[in-house]
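Counting in numbering that gives the first Met the number 0, the sequence shown runs from 0 upward without gaps. Note that CB positions come from ideal geometry on N, CA and C, so glycine has one too. The structure under discussion appears below in the form of structure tokens.
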Amino acid sequence: MADVDVVVVGAGVLGRSIAYALARAEPALRIVVSGRDGPGASRAAGAMLGVLGEVTAAGLRTRHGGLRLGMAVEAAARWPAWRAGVRERAGAAAPADGYGAGTYVLLNAASGPLDESALDAMRAAGARHGLPVEDSAVADVPAYRPLDNDRALRAVFLPQEHFLDARRWLGTLDAALRALPNVRRAGAGRLRVHGDAYELTTGEGRFTAGRVVVAAGAWSSALLDGVDPELPVLPVVPAEGTAVTLRPDIPAPPVVLRTPNRAYACGLHAVPQADGSWYLGASAAPALRPGDAPTAGALRFLLEAGLGQLHHGLAGSRVEGVHHGNRPVGLDGHPLLGNAGRPGLWVATGTHRDGLHASPLIAEELAAEILGGSPSPWLAPWRPDRKPIADWTAAAAVEEAVAHHTALAAESRMRPPLTGDWPGLLTDAYRQLMEQTYARMPDGFVLPPELAPLGYEHGPALAKLVQGHLDRLAARPSLTGHGPAGQVATPPRAP
0 MADVDVVVVG AGVLGRSIAY ALARAEPALR IVVSGRDGPG ASRAAGAMLG
50 VLGEVTAAGL RTRHGGLRLG MAVEAAARWP AWRAGVRERA GAAAPADGYG
100 AGTYVLLNAA SGPLDESALD AMRAAGARHG LPVEDSAVAD VPAYRPLDND
150 RALRAVFLPQ EHFLDARRWL GTLDAALRAL PNVRRAGAGR LRVHGDAYEL
200 TTGEGRFTAG RVVVAAGAWS SALLDGVDPE LPVLPVVPAE GTAVTLRPDI
250 PAPPVVLRTP NRAYACGLHA VPQADGSWYL GASAAPALRP GDAPTAGALR
300 FLLEAGLGQL HHGLAGSRVE GVHHGNRPVG LDGHPLLGNA GRPGLWVATG
350 THRDGLHASP LIAEELAAEI LGGSPSPWLA PWRPDRKPIA DWTAAAAVEE
400 AVAHHTALAA ESRMRPPLTG DWPGLLTDAY RQLMEQTYAR MPDGFVLPPE
450 LAPLGYEHGP ALAKLVQGHL DRLAARPSLT GHGPAGQVAT PPRAP
């Protein structure tokens, strides 16, 4: 058994980044990073370092959506120095990472009103934070050749949105960690309480530490249950996503091409990779447990949408890789960042699509909190031992979920009969389904609209999961010593 100072459980971008930030801040710390590559979110990511491109009208209207946007702006400001520092530490072992700037957002014919409202919200968010949103002629969008009936009607250019190759970036982080003498890598293991500390048991041995960070993505809740099944940490569920790497004869675009977020998912997007291939993503399917492989339906949707809406010349491409990951989502739709309600135990998960982009901010702020003891104002709104955040009324969430269903029908080219009011009847049917779904949830919990499919596909199990968390909160007050669960601080204003 080896005594160390900090154990970081999780080998995705957040776990690696937190370990790097800790080791850089305190070179004397003995740090173990535990985990193995698997169907997590990081290795499957498209790595759009998006701020405005991720904005939706619904998110911009809510308080916590505004806080998430502020974090995204701040993370974008930190990326240049963060990337430079990691690459300098990695030295000659740092691979080319495809880092670039520029995103075209396309409002195309395979969409509904959600896309138009998202484009308006991007403009409003840009004005609020001083970020440019430029109108573009559709003909000027590079490497763009959609089918005529999927063509863009409008386009905007976001010149300050960055991107990189996620798999190359993970390699750079690995090289930087190898260059740090106080960091040790270990495989996945079991985490348990050991007296006043924590014990991690792996194939490489057992490690005890007084401080642990659980950053294991969609697997975090299961790990925390092993530490303390009564710990009142908000559960995390996976949102499965599938993407592909294509190798066509067509040069990859020099920028990101994407649609707005729609139909419970990130927008359809093509991201140039460091080796000149195309990354095409991504599907989204919330679930109760992580999945280890894509479904045929997800692949069909992705390829049909990508070839139709972005470039039909991709039909002759060789498929070089299929990526499948599980994005971690807090049950209220928001991340879990900070102390877990138990001395020495921190959590960093639930970031959904924001984890890679927000990783410099999360890693630096959490490392400072762990080493300095004071809660970070950037992380304070996302305490893991909180009541579910409720920015929505049930009625408003139902209507937003109905809008997402309608958008999914539009993107799938569903054509209802033209006799009677079939479009209206279908919308009414969606609404009835959503009203039944939301009525089954425990009192006081409003399912975020992006998780609505989880509600009607797994309603009883989801309701039990939510109720279990509410019961643990009621039975065990917060032990962190920085205010009652649910109380939040106001984060600094982003530049």
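Handout entry: With 16 other Cβ atoms within 10 Å as the buried cut-off, status of Asp331
Key = Here residue 331 is taken as the residue at index 332 of the sequence shown, counted from 1. Answer is buried; the Cβ neighbour count reaches 16.
Practice task
Please confirm whether Gly186 and Leu199 have their CB atoms less than 8 Å apart.
Solution key: To locate residue 186, count along the sequence shown from 1; it is residue 187. To locate residue 199, count along the sequence shown from 1; it is residue 200. It is not a contact, given that the beta carbons lie outside the stated cut-off.
Practice task
Answer yes if the segment 318 to 334 comes into contact with the segment 167 to 187, meaning at least three C-beta pairs across the two stretches below 8 Å, and no otherwise.
Solution key: no
Exercise for the section: Could you name the residues of the same chain whose beta carbon sits closer than 7 Å to that of Ala43, not counting the 5 residues immediately before and after it, in chain order? Expected result: Start at 1 with the first residue of the sequence shown, and residue 43 comes out as number 44. Hits under 7 Å: Gly240, Ala242, His322, His323 and Gly324.
Practice task
State the Cα-Cα distance for the pair Ser110 and Leu267, rounded to the nearest angstrom.
Solution key: For the purposes of this step, residue 110 is taken as residue 111 along the sequence shown, with counting starting at 1. For the purposes of this step, residue 267 is taken as residue 268 along the sequence shown, with counting starting at 1. Ser110 and Leu267: Cα-Cα distance of roughly 11 Å.
Practice task
May I ask you to report which of helix, strand or coil DSSP gives Leu157?
Solution key: As a position in the sequence shown, residue 157 is number 158, starting the count at 1. Residue state, collapsed to three classes: strand.
Handout entry: Alpha-carbon to alpha-carbon, Ala27 and Tyr19
Key = Counting from one through the sequence shown, the residue named residue 19 turns up at place 20. Counting from one through the sequence shown, the residue named residue 27 turns up at place 28. Distance between the alpha carbons of Tyr19 and Ala27: 13 Å.
Exercise for the section: Write down every uninterrupted run of the beta strand (DSSP E) in the segment 122 to 150 whose length is 3 residues or greater and which is fully enclosed by it, in chain order. Expected result: 133 to 135
Practice task
Can you give me the Cβ contacts of Pro494 inside the same chain, cut-off strictly under 7 Å, excluding the 5 residues immediately before and after it?
Solution key: Taking the sequence shown and counting its residues from 1, the one referred to as residue 494 is at position 495. For Pro494, the predicted structure reports a pLDDT of 40, less than 50, and the residue's modelled location is therefore unreliable. A value from the coordinates is still provided. Correct list, in chain order: Ala76.
Problem - Pro334 beta carbon less than 8 Å from that of Trp381 - result: Against the sequence shown, residue 381 aligns to sequence position 382. Against the sequence shown, residue 334 aligns to sequence position 335. Cβ distance < 8 Å, so Trp381 and Pro334 count as in contact.
Problem - Three-state secondary structure assigned by DSSP to His481 - result: Within the sequence shown, the letter at position 482 stands for residue 481. For His481, the predicted model reports a pLDDT of 38, less than 50, meaning its position is unreliable; a value from the coordinates is still stated below. DSSP places His481 in coil when its eight states are reduced to three.
Handout entry: Continuous beta strand (DSSP E) stretch holding Ala91: start and end
Key = The count along the sequence shown starts at 1 and reaches residue 91 at position 92. Per DSSP, Ala91 belongs to no beta strand (DSSP E) and is neither H nor E.
Exercise for the section: Leaving out five residues on either side along the sequence, give the residues of the same chain with a beta carbon under 6 Å from the beta carbon of Arg122. Expected result: As a position in the sequence shown, residue 122 is number 123, starting the count at 1. The answer, listed in chain order, is Val132.
Exercise for the section: Would you kindly check if the distance between the Cβ of Thr102 and the Cβ of Val211 is under 8 Å? Expected result: One-based indexing of the sequence shown puts residue 211 at position 212. One-based indexing of the sequence shown puts residue 102 at position 103. It is not a contact, given that the beta carbons lie outside the stated cut-off.
Exercise for the section: Taking only the alpha-carbon atoms, compute the straight-line gap between Gly170 and Asp164 and give it to the nearest angstrom. Expected result: Your numbering for residue 170 matches position 171 in the sequence shown. Your numbering for residue 164 matches position 165 in the sequence shown. If I take the Cα positions, the gap works out to 10 Å.
Problem - Cβ neighbours of Arg15 in the same chain (closer than 6 Å, five flanking residues each side left out) - result: Here residue 15 refers to the residue found at position 16 of the sequence shown. Only Leu172 meet the Cβ criterion.
Practice task
Could you spell out the range, first to last residue, of the alpha helix (DSSP H) harbouring Glu363?
Solution key: As a position in the sequence shown, residue 363 is number 364, starting the count at 1. From DSSP, the alpha helix (DSSP H) with Glu363 extends over Gly354 to Gly371.
Practice task
Might you give, ordered along the chain, the residues of its own chain that have their beta carbon closer than 6 Å to the beta carbon of Gly9, omitting 5 neighbours on each side?
Solution key: Position 10 of the sequence shown, counted from the start, is the residue given in the question as residue 9. Here the set comprises Gly34, Ala214 and Ala215.
Exercise for the section: Grab the span of the alpha helix (DSSP H) containing Trp421 for me, first residue to last. Expected result: Residue mapping note: residue 421 aligns to position 422 of the sequence shown, counting from 1. Looking at the DSSP string, the run of the alpha helix (DSSP H) that includes Trp421 is Trp421 to Ala438.
Problem - Nearest to Tyr429 (by Cα), restricted to the options Leu407, Gly443, Gly202 and Val137 - result: Looking up residue 429 in the sequence shown gives position 430. If we check each option's Cα against that of Tyr429, Leu407 comes out closest.
Practice task
Mind reading off the beta-carbon distance from Val31 to Val6? Whole number of angstroms is fine, and I expect it under 8 Å.
Solution key: The residue given as residue 31 occupies position 32 in the sequence shown. The residue given as residue 6 occupies position 7 in the sequence shown. At roughly 5 Å, the Cβ-Cβ gap stays under 8 Å, so Val31 and Val6 are in contact.
Exercise for the section: For the alpha helix (DSSP H) containing Trp168, list its first residue and its last residue. Expected result: Locating residue 168 in the sequence shown gives position 169, counting from the first residue. Segment Ala165 to Arg177, the alpha helix (DSSP H) holding Trp168.
Problem - Per-residue DSSP class, three states only, for Val487 - result: To locate residue 487, count along the sequence shown from 1; it is residue 488. Caution is warranted here: a pLDDT of 42 is assigned to Val487, below 50, making its placement in the model unreliable, and the coordinate value is therefore given only provisionally. DSSP places Val487 in coil when its eight states are reduced to three.
Practice task
For Arg299, collect the residues of the same chain with a Cβ closer than 7 Å to its Cβ; drop the 5 residues on either side in sequence, then sort them by chain order.
Solution key: Counting from 1 along the sequence shown, the entry for residue 299 is found at position 300. Hits under 7 Å: none found.
Handout entry: Residue burial classification, Leu360 (beta-carbon count within 10 angstroms, cutoff 16)
Key = For the purposes of this step, residue 360 is taken as residue 361 along the sequence shown, with counting starting at 1. Counting Cβ neighbours within 10 Å, Leu360 comes out buried, since at least 16 surround it.
Practice task
Report the three-state DSSP secondary structure of Pro327 (helix, strand or coil).
Solution key: Here residue 327 refers to the residue found at position 328 when the sequence shown is read from its first residue. Strand, per DSSP.
Exercise for the section: Within 10 angstroms of the Cβ of Gly99, are there 16 or more other Cβ atoms? Answer buried if so, exposed if not. Expected result: For this step, residue 99 is matched to residue 100 along the sequence shown. Counting Cβ neighbours within 10 Å, Gly99 comes out buried, since at least 16 surround it.
Exercise for the section: Using a threshold of 8 Å, state whether the C-beta atoms of Thr55 and Asn260 are closer than that. Expected result: What you label residue 55 is simply residue 56 of the sequence shown in a count that begins at 1. What you label residue 260 is simply residue 261 of the sequence shown in a count that begins at 1. Yes, the Cβ-Cβ distance between Thr55 and Asn260 is below 8 Å.
Exercise for the section: Output the distance between the C-alpha atoms of Pro459 and Ala409, rounded to the nearest integer angstrom. Expected result: One-based indexing of the sequence shown puts residue 459 at position 460. One-based indexing of the sequence shown puts residue 409 at position 410. Distance between the alpha carbons of Pro459 and Ala409 is about 29 Å.
Practice task
Have a look at Glu434 and Val397 and give me their C-alpha separation to the nearest angstrom.
Solution key: Translated into the one-based positions of the sequence shown, residue 434 becomes position 435. Translated into the one-based positions of the sequence shown, residue 397 becomes position 398. Each residue's alpha carbon lies about 6 Å from the other.
Exercise for the section: With distances taken Cα to Cα, identify the nearest neighbour of Trp168 among Gly423, Leu469 and Arg82. Expected result: Here residue 168 refers to the residue found at position 169 of the sequence shown. When only C-alpha atoms are compared, the closest one is Arg82.
Exercise for the section: Assess, as a yes-or-no matter, whether the segment 133 to 153 is touched by the segment 83 to 99 under the definition of 3 or more beta carbon pairs within less than 8 Å. Expected result: no
Exercise for the section: Between the Cα of Gln159 and those of Arg153, Arg166, Ala151 and His128, spot the shortest distance and give me the residue it belongs to. Expected result: Within the sequence shown, numbered from 1, the residue matching residue 159 stands at position 160. When each option's Cα is compared against that of Gln159, the closest is His128.
Handout entry: Paired residues, beta bridge with Glu198 - DSSP
Key = Translated into positions along the sequence shown, residue 198 becomes position 199. In DSSP, Glu198 forms a bridge with Arg191 and Thr207.
Problem - For Ala366, the nearest candidate out of Asn338, Leu432 and Thr350 (CA to CA) - result: Numbered from its first residue, the sequence shown carries residue 366 at position 367. Selected option, being the one with the closest Cα: Asn338.
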